[in-house]
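Here the structure is laid out as structure tokens; the discussion comes afterwards.
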Amino acid sequence: MSDKITLYGIPNCDTVKKARVWLDEQGIAYHFHDFKKAGLTAGQAQAWLKDVERDVLVNRKGTTWRALPDERKAAITDDTAAVALMVENPSVVKRPVLFDGKQYHVGFKADQYQHIFEK
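Position in the sequence shown (from 1) plus 911 gives the number in the working numbering.
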């Protein structure tokens, strides 16, 4: 299963750093996908939306969201619009996104990850 684990995010995000440290401390092998450098495809964002609600995945509390024009924010009314926004502006994605080999999870809390990897 470890070769299927992928952590998506950006390296300088504090929450991503915490998730990476936790995974390393648990000895869990994973691939890190830096979506600032490697990009984000519509297919990836659509896959995330199968497991994570749009309103969770699009971080409406972050500086990237707040900097968007009001018209752009108002246009995020369905998954298609959310995918287009995430591809255009990956920093709007709530981080990190973890694929555990079976499903996607968003955010990081140690107890959340503990539960995911106990399965």
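Just so it is clear, CB atoms sit at the ideal spot from N, CA and C, and this is done for glycine as well.
Note that the coordinates shown come from a computational prediction; the quantities given were computed from them, not determined experimentally.
Can you tell me whether residue i is helix, strand or coil according to DSSP?
{"i": "Val1004", "result": "strand"}
{"i": "Gly920", "result": "strand"}
{"i": "Leu1009", "result": "strand"}
{"i": "Trp1024", "result": "Residue identity differs from the one stated: residue 1024 is Tyr in this sequence, not Trp. Of the three classes helix, strand and coil, the one that applies to Tyr1024 here is helix, per DSSP."}
{"i": "Val927", "result": "helix"}
{"i": "Ser913", "result": "At Ser913, the pLDDT of 44 sits below 50, so the modelled position is not reliable; the number obtained from the coordinates is stated separately. In the structure shown, Ser913 sits in a helix (DSSP, three-state: H, G or I)."}
{"i": "Val994", "result": "helix"}
If I measure Cβ to Cβ from residue i and keep anything under 6 Å in the same chain, skipping five residues before and after, which residues do I get?
{"i": "Phe1010", "result": "Thr917"}
{"i": "Ala986", "result": "Ala992"}
Ends of the alpha helix (DSSP H) at residue i?
{"i": "Val969", "result": "Val969 -> no alpha helix (DSSP H), and no H or E assigned at all."}
{"i": "Asp945", "result": "Per DSSP, Asp945 belongs to no alpha helix (DSSP H); it is in the beta strand (DSSP E), 942 to 945."}
{"i": "Glu982", "result": "981 to 985"}
Could you give the C-beta distance for residue i and residue j, rounded to a whole number, given that I count them as a contact under 8 Å?
{"i": "Phe1019", "j": "Lys929", "result": "5 Å"}
{"i": "Val1003", "j": "Gly954", "result": "17 Å between Cβ atoms; not a contact."}
Quick one: residues in its chain with C-beta nearer than 7 Å to the C-beta of residue i, no 5 flanking neighbours on either side, listed in chain order?
{"i": "Tyr919", "result": "His944, Phe946, Pro1007, Val1008"}
{"i": "Trp959", "result": "Leu968, Val1008, Tyr1015"}
{"i": "Arg977", "result": "none"}
From the beta carbon of residue i, is the nearest beta carbon of chain B less than 8 Å away?
{"i": "Arg977", "result": "Note that chain B does not occur in the displayed structure, where there is just one protein chain."}
Where do the N-terminal and C-terminal ends of the beta strand (DSSP E) with residue i fall, by residue?
{"i": "Val963", "result": "Run containing Val963: none; DSSP gives neither H nor E here."}
Given residue i, which residues of its chain have a CB within under 8 Å of its CB, disregarding the five upstream and five downstream residues?
{"i": "Trp933", "result": "Phe1019, Ala1021, Tyr1024"}
{"i": "Met997", "result": "Leu951, Ala956, Leu968, Val969, Val1003, Val1004"}
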